[in-house]
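Reviewing the structure listed below.
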Amino acid sequence: MNDHAVVTSNVQKSFLLGATAVGALRGVDLQIPRGQFVAIMGPSGCGKSTLLNLLGAIDVPSRGEIHIDGTELSRLSDDGLADLRRDRIGYVFQFYNLIPTLTARENIEVPLHFAGKSASERRERAMQLLERVGLRDRADHRPSELSGGEQQRVAIARALANKPTLVLLDEPTGDLDSTTGKEIMTLLQNVSVEEKVTLVVATHDAMVASMAQRVVKLRDGRIESDCFAPGGGASPSKDSPAGAA
Amino acid sequence: MFSTTYALRNLGRRKMRTAMGVLGVFCTLALLTAVQIGLDAISLSYIDLVSLAAGKADVVLQADEDRWFEGEGFEPGPIEAKLAGDARLKGLAPRVIGIAPVGSAYAVLVGIDPAREVSAGVDGLTPWPRLEKGECALSEELERRLKKPESVEVRGTKLKVSGVVERQLVFPQHVREFIVTDLATAQSLLGMGTRVHQLAGALREPREYYDARDLHGSVSRLKDAGETIASLLGRDIRVTLPRAAAIAAFQEFSAPLRAFFGIFAAVALAITALLVHSIVSVSEEERIREHAILRTVGAKRRHIFGLVLTESTLLCVLGVVPGVFAGILVARVALWLVSLAMKGQGQITVELSMRTMFMCLAAGAAVSLASALLPAIRSTKRGIAPALDPARRGEVIEPPTGERGFSRVLLFIGVALSAISMVVFFVLPTAFLSGDPSMIGAVVLGLLVLLLIGFTMVALAVQPLAERVLLRLGGWMFGKSAELAARNLARSRRRSTSTSLMFALSVCFVLFLSSLVALFSRAASTFIEYQTGAEIRVQAHGPSRDAGAAIAKLDGVKVVSEIRSLRGRTEQGIAFDVAARDVVGMRQLWIVPFAADERLEEAFYAGRAAFAEGDASAFRDLHKEEEVPAAIVCVAAARYLGVAKGDLIELWFQLGAERHIGRFRIAAVVASLPGFHNFRSREGAAHGSGILVGRAAWDEIVGSAPTESVYLVRGGSAQSIRESLGLRFHLTVESTEEQRRHSEVLYWATQVLFALLLCVSVTIAVFGLVASTASGVAERRREIAVLKAVGLRRGDLMRMFAAEAVVLTAAAGLIGAGIGYLLALLFVMQATMLMEMPVVVVVPWLTLGATLGISVVAGLMAAFIATRGMLHKPVAEILRG
C-alpha cells in the first residue's frame, strides 16, 4: 500500500438531497501508484467529482475505505483530515475557487499560513510558485483582475504550495478555451514530473485524457474501464517555462 | 495577521452593510457611555450638591423633644464639654432658630455665633453677613416683602438691616423668609436665656466618610459616627445627620434609576447584538464557499470559527472605540449645559473613571462575541463538499431531531424559562415577607422578563401571519409585486426573523416605557386626587385651633373642612390605642379614627368616594343627633369584623388607664375615600385602617386626648396659605393643581426622553434592516437580473423590495408595540391593584402612530438604499457581478 498514493476499496457514496437519495458511487476499487498521472472520465453525473472529493478528504464515503499515502482516512480525526489536506493534497477546482479579496500571492500563501510558515517563508515560496507558473508580475493582482487561465495558474500554484504528494484536479480546463487549457495541462504535466506529484484529473476533455498515463472511465458510479493511455508521457514540454529553462 | 487581513477586506467588500453595523454599535455605545458618565458625575457631585438640600452641617444636635422652629432648647455647655476632645468634629456652633413676627410677616429667626460658625466649618450663609450687636440680615424674599427696609422691629426690638442673604445652608430650603442676628440677640428675642436650639458641627476629615463611588459605605460610616456621638450624649439629645439622610434618600432615588439604566443598557445592547448577529450571519452565509475553500487548503474548523469571530470583533471595535469617545464628549457637553442651568449653585464634577471606560469597552466586546457565536458555530458545521457544490446545498447532513433524541431549541427555551422561574420561586416568598421594595421590584422584574420572553416567542410564531394579513390589507399598494414579495418573505424566513426580532424589541421597549408613563400619569392624576382629597390639603404639625379660621379668611377660599385624628402619644408620653369591635366581642382590630365636620362633603372630592354600601348621604348622617351616632367604615374593616351597613360597632379608646367606649351605627361602607389613605379594601390590610365619625361624637369620646388636624380646602391658593400662615401655624400645604402640573411636566419630559429613545433604538434597528436588505439584494442579484430579463420593470422591482421591507417592519413594529403596551398595562394594573385604585386605560396614540409611521418609513428607506444601485444596472452587468 505504501507504493501507492491512492488506494480505494469498495468506496460507495450516496447522499440525501431533500427527500431524494442519490447514489453517486456504488463500489469503486482503485489503486494509483505514486507519480502517476491519471485521468478520470465519464459522462455528467457518473461520480467523477464525488470520487475526487472523497480522495481529497473533503467528503466522507458512505462505505468503503480510502488510503492516501498509506493513511486510512476514516481513522483520522477532523483535524487530522485538515492536516492531510494541508500537507499532502492539493486541490484545483474547475472554477478556480480563489479567495476574491486576496491577491494572487496571498491566495498562494493561505495554505502556507495554515502550515505555520513565517511571513518571509510564505512570501518566498509564493513568489517561487508564481515564477513557476509565469505570473510573477501579477502577484499583487486580485482574481477579478486576472484572466481565466491566469486564475487557474494561481490555483495550481496554491495547490502546490505545501509540496503535496497528490494533486487532484476537477475539470481544470472546463472553464478555459482550448489553447489556454492545453497550456495549463502542459504546465501540470511538467510540474508533476519535476515535483514527483501524483496527478488525478477528473475531466470530459479528451485532450486532457490524452496527456494522462492512465484513463479510468466511470459510469453510473462504477469503474467501467481502466487502462493505460498509449501515448501518455511524463516529459516536460519544451513550451513550458520549465522546459524552456 | 491573515485573519485580520481577511476580515478587514471582507468588511470592506460590503461597505454599506459594514457602515450600518458600525454606526449601530457606535450609537449604542455612545449613548450608554454618555449616560453612565452622567450618572457617575451626578454621584460624584452629589456630595457637594447634597449641601443644597441638607445644609453644611454634618452633625446637628437638638433636644430630643424639639422640632424645627419650635422647642425649649437646651444648655449647650455640658454637651460641648462632653464633645470637647472629640477628634471627629472640627467644632460645634450654637444656633437659635424660631419663628417670630417681623413687621407684617412671620419669618424664621436665626441666631448664630459667626466666629464659631466659621471655625466649626458650618458657615452656610452667602454672602456672609456682618452681625454687630443690634444688626440683622434679611433673606432676599423677606427684604422684598418688607420693601427693603433699613431697619425692622422684632418683638419690640429694633434691628438695623446690615445685609441681605442670598443663600442659606442652615435649615430646609423651602424656608425663604428668614432674619439672621447674632446669638445673644436671638436668645433675647425668643426668651431662650442661655439655651440654644442646635449645636451644628462639621467633620474634621470628610474624605474619611464621604466616598461618591460608595454611597452606601458613606452612609454607614456617617451613621457609625453619629451613633457613637449619640451614645456619649445620652437620651436627652437627638443627633441627626442631615447630609447622610440626604445621601440615603438619593441612594433610594438613584438605585431604581441605575436599575432602570441597567435594563435600558441591557435592551440597547441586546438590540445591537441582534444587529451585529444579523450582519455576521449574512456575511457567513455569503462566505460558505470561501470557508469551504479554506478548509480544502488546510484550515481547520477552529480557524473558520476564528475568522467569523474576528470579523465580528473588528466590526464592533470600529464602532465601540469611537462610540465610547463620542459618549465621553456628549457627556461633557451635556453636563456643562446642566452646570450652566444650575447657575452656579453647585458644580457637576466630570471624572472619567477607568472602571466606566472598561465597562463600556467590555460591553462592546461582549456584544461582538455573543452576537457572532451562533454564526461562527454554524460556519464550522458545514461539510466541505456540500458547501462547495450549490447543487448539494440542500443535502441533509444532520439526522432529524427524532433520531438525535431531543430538540435543542426546546431544551434551551425550557432551561431558560425554568431557570428564571426557579429564581422567582425562591426569591418571591422572601421578598414579600421582608417587604424590601428592591427585592420585590426584582421579583416583579423577573416576572416581566418571563412575560416578555413568552410574548416574544408568540410574536415570532405569529410574525408570518401578521405579514400575510398586512400584505392582504395593503398589498394593493404594491401592485403585482406584492405576490413576489410574499414568496420572498417566506423564503428568507431565517434571516428576516432576526431582523424583525431586532425591530420588534426596539419598538417594544420604547412602547413599554411610553405606555407605562402614559398609564401611570393618568393613574397619577387620580392618585393625586385620592392623596390630597381636596383642591388644597393643609397638614398642621402642632396645635392649630385657629388655623382653620385663619385659612377661611384668605382670599378665594370657599370652604374649609377640618379632619381631626389622634396623635400617637400625649405630651406626657402616654400612648393610646383605638380598637373597633363588633358588639358581641367576637372580632376586634386596631383602627385609626377620624372626625369630620359638616363641611367635609363640600370641601373634598366627594364624587371620588367609592361606596361598597350606602351613598353620599352617609356624610350628612354623621352629624345627625341620634342615640347611636353614625360612622363610615372601610371595606377592609367591615369584612374583618363581619359587619355591614346598618350594623353596630364599638370603638374602644384606651388612653393610658382610661377607657372610653363609643357605639356607632354603620351608615356606609367605602372601598376608598379621597384624602384618607387608610380606607382600604383588602381584608389583609384591615389593621390600621380608618373609620370616620362626626365631630360631636368624637368630642364626647376623645375628650382631652391630643389631636392633629388636616384642613381640606376648596378655593383659594396654596401659595398664599403657605406664605401667610405656613410658618405661623407650622403647616404643610399640598395642592392638587400644583401636583398635577408637576406630574404633567414630568409626563412631557419623559415623553420627550422616550421619543429620543425611540429614535435611537429604531435608528439602530434601521441600520440592521438596511444591512440585511442590502445583503439580500446582493444575494439575489441573479434573480433580479432574470426578473428584469423577463420584463419586470424597475418600478415593479423597487415595489417588490419595498413591499418586503415595509411589511416586515410594519408587522414587527405592530407586534412589538402590542407586546410593549400589554406589558405596561399588566404592570400598571398590578400597581394600581396594590394601591387600590381604578385603572384608567389609555393608549399612547401619538407614540404608537409615530412608531408605525417610523416602521413604514424605515422599510421604505431600507428598500430604497439597498436597491438604488442594482436596479439601474443593465441585466448583463448584474449577471457578471
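If you're matching them up, the sequences are chains A and B in order. The opening position of the first sequence corresponds to residue 1 in my numbering, with each subsequent residue numbered one higher. The opening position of the second sequence corresponds to residue 1001 in my numbering, with each subsequent residue numbered one higher. Yeah, the Cβ is synthetic: ideal placement off N, Cα and C, and Gly gets one too. No experiment lies behind these values; they were computed from the predicted model shown.
#1: Could you check where the beta strand (DSSP E) with L218/A kicks off and where it finishes?
#2: Interface residues of chain A around L1280/B at Cβ under 7 Å?
#3: Enumerate in chain order the residues of its own chain whose CB-to-CB distance from K1223/B is below 8 Å, with the five nearest sequence positions on each side excluded.
#4: Reducing DSSP to helix, strand and coil, say where E1140/B ends up.
#5: For P1101/B, which beta-bridge partners are listed by DSSP?
#6: Output the boundary residues of the alpha helix (DSSP H) element that contains H67/A.
#7: How far does the alpha helix (DSSP H) with L1852/B in it extend, from its first residue to its last?
#8: Keeping to the same chain, check which residues put their C-beta closer than 7 Å to that of A1552/B; ignore five residues upstream and five downstream.
#9: So with CB distances below 9 Å, who are the chain B contacts of N97/A?
#10: List, in order along the chain, the chain A residues whose C-beta lies closer than 9 Å to that of G1383/B?
#11: Can you tell me whether F93/A is helix, strand or coil according to DSSP?
#12: For V1118/B, which option in V1584/B, P1101/B, K1090/B has the closest C-alpha, if you only look at C-alpha atoms?
#13: H1303/B touches chain A at which residues, Cβ-Cβ below 9 Å?
#14: On the DSSP bridge list, what partners appear for S9/A?
#15: Is it right to say K1480/B is buried, meaning 16 or more other beta carbons lie within 10 angstroms of its own, or is it exposed?
#16: Quick check on DSSP: helix, strand or coil for S1681/B?
#17: Pick helix, strand or coil for V1786/B, following the three-state DSSP scheme.
#18: Looking only at its own chain, which residues have a Cβ that is under 6 Å from the Cβ of A1862/B, when we skip the five neighbours before and after it?
#19: Alpha carbon to alpha carbon, how far is A1603/B from R1714/B? Give it in angstroms, no decimals.
#20: Using DSSP with H/G/I as helix, E/B as strand and the rest coil, what is G1474/B?
#21: Going by the beta-carbon positions, is the gap between R1665/B and V1628/B smaller than 8 Å?
#22: Confirm, please, whether the CB-CB distance from A1850/B to L1753/B is below 8 Å.
#23: Rank T1004/B, A1580/B, P1206/B by C-alpha distance to the C-alpha of A1636/B and give the top, closest one.
#24: What is the rounded straight-line gap between the Cα of E1529/B and the Cα of G1441/B?
#25: What are the start and end residues of each continuous beta strand (DSSP E) run of 3 or more residues lying completely inside the segment 1597 to 1652 of chain B, in chain order?
#26: Taking all protein chains shown into account, decide if V50/A is buried (16 or more other Cβ within 10 angstroms of its Cβ) or exposed.
#27: Is DSSP giving I1288/B helix, strand or coil here?
#28: Considering Cα atoms alone, identify which of L1797/B, P1076/B, A1858/B is closest to K1873/B.
#29: To which residues of the same chain is T1310/B closer than 7 Å at the C-beta, ignoring the five residues directly before and after it?
#30: For R85/A and chain B, any beta-carbon pair shorter than 8 Å?
#31: Quick one: Cα of V1333/B to Cα of L1340/B, how far?
#32: For a minimum of 3 consecutive residues, which ranges assigned as the beta strand (DSSP E) are wholly contained in the segment 1659 to 1708 of chain B?
#33: Please list, in chain order, the residues of the segment 108 to 133 of chain A that have any C-beta partner in chain C closer than 7 Å.
#34: Reducing DSSP to helix, strand and coil, say where K1148/B ends up.
#35: Since G1217/B is in the beta strand (DSSP E), which residue starts that stretch and which ends it?
#36: With 8 Å set as the bound, which would you pick, yes or no: does the beta-carbon of T103/A sit closer than that to a beta-carbon of chain B?
By the coordinates alone:
#1: In the DSSP assignment, L218/A falls within the unbroken beta strand (DSSP E) covering 214 to 219.
#2: First, the amino acid is wrong: residue 1280/B is Val here, not Leu. Under the 7 Å cutoff, chain A gives no residues; its nearest Cβ is about 16 Å from V1280/B.
#3: Shown here for K1223/B: same chain residues with a beta carbon closer than 8 Å to its own, the five before and five after excluded, namely L1241, A1244 in chain order.
#4: Here E1140/B sits in helix by DSSP.
#5: Note: P1101/B is bridge-paired with Y1106/B in the DSSP secondary-structure output.
#6: Not the alpha helix (DSSP H): H67/A falls in the beta strand (DSSP E), residues 63 to 68.
#7: For L1852/B, the enclosing alpha helix (DSSP H) covers residues 1845 to 1871.
#8: Within its own chain, the residues whose Cβ lies closer than 7 Å to the Cβ of A1552/B, once the five positions on either side in sequence are excluded, are V1560, listed in chain order.
#9: Under the 9 Å cutoff, chain B gives R1289, E1290, A1292, I1293, T1296, L1388.
#10: Within chain A, I58, D59, V60 have C-beta atoms less than 9 Å from the C-beta of G1383/B, given in sequence order.
#11: F93/A falls in the coil class under three-state DSSP.
#12: Nearest option by C-alpha distance: K1090/B.
#13: Within 9 Å Cβ-Cβ: A82, F114.
#14: S9/A pairs with E65/A.
#15: With a 10 Å radius around the Cβ and a threshold of 16 neighbouring Cβ atoms, K1480/B comes out exposed.
#16: Three-state result, S1681/B: coil.
#17: Correct three-state label for V1786/B: helix.
#18: These residues qualify, in order along the chain: L1769, V1770, T1773, A1805.
#19: Answer to the nearest angstrom: the Cα atoms are 5 Å apart.
#20: Three-state result, G1474/B: helix.
#21: Between R1665/B and V1628/B, the CB-CB gap stays under 8 Å.
#22: Cβ atoms of L1753/B and A1850/B: not closer than 8 Å.
#23: Of the candidates T1004/B, A1580/B, P1206/B, the one whose C-alpha sits nearest the C-alpha of A1636/B is A1580/B.
#24: In a straight line, the C-alpha of E1529/B is about 26 Å away from that of G1441/B.
#25: Entirely contained in the segment 1597 to 1652 of chain B, the beta strand (DSSP E) runs reaching 3 residues are, in chain order, 1610 to 1613, 1630 to 1634.
#26: First, the residue type needs correcting, since residue 50/A is Thr and not Val in the sequence shown. Under this definition T50/A is a buried residue.
#27: Collapsing the DSSP output to three states places I1288/B in a helix.
#28: With distances taken between CA atoms, K1873/B lies nearest to L1797/B out of L1797/B, P1076/B, A1858/B.
#29: Leaving aside the five residues that flank T1310/B on each side, the residues in its chain whose CB is nearer than 7 Å to its CB run, in chain order, S1003, T1004, A1007.
#30: So yes, R85/A belongs to the interface.
#31: Rounded to whole angstroms, the gap between the alpha carbons of V1333/B and L1340/B is 11 Å.
#32: Qualifying beta strand (DSSP E) stretches, in chain order: 1689 to 1694.
#33: Reference to chain C is not applicable here, since the protein chains of this structure are A and B.
#34: Coil at K1148/B, not helix or strand.
#35: Per DSSP, G1217/B belongs to no beta strand (DSSP E); it is in the alpha helix (DSSP H), 1215 to 1233.
#36: For T103/A, the answer is no, since every Cβ of chain B falls outside 8 Å of its Cβ.
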